[in-house]
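Everything on this sheet refers to the single structure shown next.
2 protein chains.
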Amino acid sequence: MPKNDNMLTILWMLNSGEKLTAKQISEKLEINIRTVYRYIDALCASGVPIISDTGHNGGYSLLHNFIKSPLLFSIDEKKTLLHAALFAKEAGYPLSEALENATSKLKMYSNQEQESILSHHLAGFEVINRRGYPAVQPVLQELEHAVANEWSVEISYRNSHEEQSPNRVIDPYGVVNWNNKWYTIAFCHLRNEIRSFRVERILNITRTPFSFRRPNDFSARTFFMKNLLPDVVGKSGLISLIIGGRAEALDDLCIHWFLEHHLQERTSTQAIFLLEEESLYTHVPYIILPYGKSIQVIEPQNLKNKLVAVASELMEYYQV
Amino acid sequence: MPKNDNMLTILWMLNSGEKLTAKQISEKLEINIRTVYRYIDALCASGVPIISDTGHNGGYSLLHNFIKSPLLFSIDEKKTLLHAALFAKEAGYPLSEALENATSKLKMYSNQEQESILSHHLAGFEVINRRGYPAVQPVLQELEHAVANEWSVEISYRNSHEEQSPNRVIDPYGVVNWNNKWYTIAFCHLRNEIRSFRVERILNITRTPFSFRRPNDFSARTFFMKNLLPDVVGKSGLISLIIGGRAEALDDLCIHWFLEHHLQERTSTQAIFLLEEESLYTHVPYIILPYGKSIQVIEPQNLKNKLVAVASELMEYYQV
DNA sequence: ACTTCACTGACAGCAGTTGTCAGTGAAGTT
DNA sequence: AACTTCACTGACAACTGCTGTCAGTGAAGT
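Dropping the structure here:
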């Protein structure tokens, strides 16, 4: 059935309104161009009004672009969508109601057999996350709306210094779920720059009558990641950190959100990272401490010294 | 394409609402009855809800709702499904191909206007997780299959003691994604008990010709959670742990997967947990250490002593 | 004159489809 | 309890139709 699938795909591609050459199609579907011609022929033969233009700027296009045929999902596709819904639900996805509606529709349109297969596949599949902050949902909903409709909102934000800062108007460019925590990336009219806000620290949110335009090329993901983990490639003065220890402890260390990004090499007994000096001596000690004696720092000596200092400070701190 | 034509004809015939036997169809289309069964199968596989009844007055018919109204999603429902797919994708969901197909179908079935609304809603929504173990995907796929079809599989598992233990046959009861890590819950024929396995430690997996029956009332989620966080409610001898400190540090502490489960009370300056003595003195110190001086232990004194001991040990450990 | 692009025919090799046969199991009927 | 009807499965040989390759035509624009 690759044939049928591909023919349908061509239909969809054309249905989007784009004009496509046979070559483009053949490359996208990884089939011979000859085969594309054959498919197009077959589609025409079954009544699809495909227009073909030869010469420069030629290609195929559809006469009137909607094809109405019922939306059909194969069992596998249904299964994956239902599984995906579990992930969203566990992550505290704010629009749980609409999601619930969608999934129940998906489940309805099946016969007994498909249903039993589905339930089999669903029964053994679980997603479990920590509960997180339940109060966050209404704020997230509001934010999601604001992002999609480009409405500015006014929020009161509890920032790190504990002082309740004044209300601020922000233009939310995006909502990000990072490591199971919710953030919003927004242009802040108080500070006049793009910043990221932790959603659970938003104490209050209200719509404003103002709207904004998000820059077309803005990507919340890119901004967030750049902010979190500035690119280190090509930087000089990087120090290599070598950690030894039990394989499982190293495994765990290597998927730490921060260290993972700096991993250079991994053998069964060692992990080598490349880090900037500053973060190496400020953040890393606190990442390493909880692993106790299941890992050891092999290099650099300075980090060992720093660890001794940190441990000794903590000892004092709790001695009182 | 007699095949496609004939399949469509069957759809048409059924869509009239009539009930038809395979024999009737085969005679009308002048094809072998075996081929009819194959076509029906193919239609089911691509999501058409065909109902089949055996015995007298049996035959094929279409799910009633299906004829009346095809599967239609509101724009919100589409949006949530697409958002959900992002979560799955970022979590390293193994059946990414089928998911991709499903989401592209969802995107296709909208007109220009809906499409632009959708793309707006999608542009500002991002899910970002750590990358995790890329090698895990084929194993997960195999496991998911085995779970759904109740096939026993043989695995080689690298367990904590580093020794490569002998291959074992397991009956996978479920696949669990916990805190962005993949586990499988399975009956282990080597140890004769239900256990959980970390998927990235499965070095090799092969199907066996054996199958099993999962107990009907078994829930992978329940087993996993019981295993991870035994119920403490009603237990005696619990000790209360009181932590003070900066609100944001406390927030973070309160969503730690282990402590979250034992949280009793939270004020803006304190968090109170109720814990068993053992875990309080073994696990908790290592959870608290990385917070450094941003939090402090208010009670019990014994934990402070333990922290001093742990810190001093680590100091020594890194002094060499 | 040149490039781009749709389109055709022929053909060998191959993949998918078909019919045939033999048999299982479920739901009614006699 | 035997019988009928009907869906459904697996295996297999024969065969159909599909695919990629090559070589070449014609139309439209630069």
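From first to last, the protein sequence lines are chains A and B. Using the numbering used here, you'd call the opening residue of the first sequence number 1 and step up by one each time. Using the numbering used here, you'd call the opening residue of the second sequence number 1001 and step up by one each time. Think of the CB as a built atom: it goes at the ideal place given N, C-alpha and C, for glycine as much as any other residue.
From the DSSP output, which residues share a beta bridge with residue i?
i               : result
L238 (chain A)  : A:E276
G174 (chain A)  : A:I185
N1204 (chain B) : B:S1156
G58 (chain A)   : According to DSSP, which records beta bridges pairwise, G58 (chain A) is partnered with nothing at all.
I1128 (chain B) : A:W178
D53 (chain A)   : A:G59
G1245 (chain B) : B:I1295
Q319 (chain A)  : According to DSSP, which records beta bridges pairwise, Q319 (chain A) is partnered with nothing at all.
F197 (chain A)  : A:T184
Q301 (chain A)  : Q301 (chain A) is not bridged to any residue.
V1284 (chain B) : Partner(s): none; V1284 (chain B) has no beta bridge.
S1211 (chain B) : B:W1151
Q323 (chain A)  : The structure shown has nothing for residue 323 (chain A), since chain A only spans 1 to 320.
V48 (chain A)   : None; V48 (chain A) has no bridge partner.
A1091 (chain B) : Paired residue(s): none; A1091 (chain B) is not in a bridge.
A271 (chain A)  : A:I243, A:R266
For residue i, go through chain A and note every residue whose CB falls closer than 7 Å to its CB, in chain order.
i               : result
Q1319 (chain B) : V308
G1237 (chain B) : Going along chain A, no residue has its Cβ under 7 Å from G1237 (chain B), so there is no contact; the nearest lies around 24 Å.
F1273 (chain B) : Simply none; closest approach about 14 Å.
N1101 (chain B) : E77
F1066 (chain B) : Y109
Find the residues of chain A that neighbour residue i, judging by a C-beta separation of less than 8 Å, and give them in chain order.
i               : result
E1200 (chain B) : D251
K1297 (chain B) : According to the sequence provided, residue 1297 (chain B) is Val. The question's Lys does not apply to it. Within chain A, the residues near V1297 (chain B) are Y318.
Y1173 (chain B) : G124
Whose Cβ in chain B lies nearer than 7 Å to the Cβ of residue i?
i              : result
T267 (chain A) : Those within 7 Å of T267 (chain A) in chain B number zero; the least Cβ separation is about 14 Å.
S110 (chain A) : P1049
S74 (chain A)  : A1045, S1046, G1047
H83 (chain A)  : A1088, Y1093
R221 (chain A) : E1126, I1128
F197 (chain A) : What F197 (chain A) touches in chain B: nothing, since even the nearest Cβ is about 13 Å away.
N204 (chain A) : The premise fails here: N204 (chain A) is roughly 16 Å from chain B at the closest Cβ pair, so nothing lies under 7 Å.
List the whole-angstrom C-beta distance separating residue i from residue j, where the pair is believed to meet the contact cut-off of C-beta under 8 Å.
i               : j               : result
I1242 (chain B) : I1287 (chain B) : About 15 Å; that fails the 8 Å criterion.
L1020 (chain B) : G1059 (chain B) : 5 Å
V153 (chain A)  : T103 (chain A)  : Contact flag wrong, Cβ pair sits at about 29 Å.
S1110 (chain B) : K1078 (chain B) : 7 Å
Y157 (chain A)  : F197 (chain A)  : 6 Å
A1084 (chain B) : A85 (chain A)   : 5 Å
S1061 (chain B) : L1014 (chain B) : 6 Å
I1033 (chain B) : L1043 (chain B) : Rounded, the Cβ-Cβ distance is 16 Å, inconsistent with contact.
G1174 (chain B) : G124 (chain A)  : 4 Å
L249 (chain A)  : S294 (chain A)  : First, the amino acid is wrong: residue 249 (chain A) is Ala here, not Leu. Indeed they touch by this definition, with Cβ atoms about 4 Å apart.
G1047 (chain B) : L72 (chain A)   : 4 Å
L1081 (chain B) : E1144 (chain B) : In fact, because the Cβ distance is near 20 Å, the residues do not count as touching under 8 Å.
What residues of chain A sit near residue i, judged by a beta carbon separation below 9 Å?
i               : result
V1284 (chain B) : Simply none; closest approach about 11 Å.
G1059 (chain B) : Going along chain A, no residue has its Cβ under 9 Å from G1059 (chain B), so there is no contact; the nearest lies around 14 Å.
F1224 (chain B) : E126, I128
L1071 (chain B) : P70, L71, L72, F73, K105, L106, M108, Y109
L1063 (chain B) : M108, Y109, S110, N111
N1006 (chain B) : Within 9 Å Cβ-Cβ: nothing; N1006 (chain B) doesn't reach chain A, min ~13 Å.
Report the neighbours of residue i on chain B: residues whose CB is nearer than 9 Å to its CB, in chain order.
i              : result
G132 (chain A) : I1255, E1260
N177 (chain A) : L1086, F1087, E1090, F1125, E1126, V1127, I1128, N1129
S312 (chain A) : A1311, S1312, M1315
Find the residues of chain B that neighbour residue i, judging by a C-beta separation of less than 8 Å, and give them in chain order.
i              : result
A98 (chain A)  : S1074, D1076, E1077, K1079, T1080
P290 (chain A) : Y1286, I1287, L1289, P1290
N192 (chain A) : Here the premise fails: no neighbours, minimum Cβ distance about 21 Å.
Compute the minimum distance between the beta carbon of residue i and the heavy atoms of the ligand ADP, and state whether it is under 7 Å.
i             : result
L29 (chain A) : Absence of the ligand ADP from the depicted structure is noted, as is the absence of any ligand whatsoever, leaving it without description.
Looking at chain A, which residues of the segment 1011-1042 of chain B have a Cβ within less than 9 Å of any of its Cβ atoms? A1042
Say whether the segment 86-98 of chain A touches the segment 113-132 of chain A, bearing in mind that this needs 3 or more beta-carbon pairs closer than 8 Å, one atom from each stretch. yes
At least three beta-carbon pairs within less than 8 Å, the segment 166-178 of chain A to the segment 107-127 of chain A: no
Which residues, taken in chain order from the segment 1115-1129 of chain B, show a beta carbon closer than 7 Å to some beta carbon of chain A? H1120, H1121, G1124, F1125, E1126, V1127, I1128, N1129
Just checking, does the segment 180-193 of chain A make contact with the segment 213-226 of chain A on the three C-beta pairs under 8 Å criterion? yes
Given 8 Å as the limit, is there contact between the segment 270-287 of chain A and the segment 1275-1285 of chain B, that is, 3 or more CB pairs closer than that? no
Okay, do the segment 1310-1320 of chain B and the segment 307-314 of chain A touch, 3+ Cβ pairs below 8 Å being the bar? yes
Which residues, in order along the segment 1147-1158 of chain B, keep a beta-carbon less than 9 Å from a beta-carbon of chain A? V1147, A1148, N1149, E1150, R1158
Taking contact to mean at least 3 C-beta pairs separated by less than 8 Å, is the segment 1189-1204 of chain B in contact with the segment 136-147 of chain A? no
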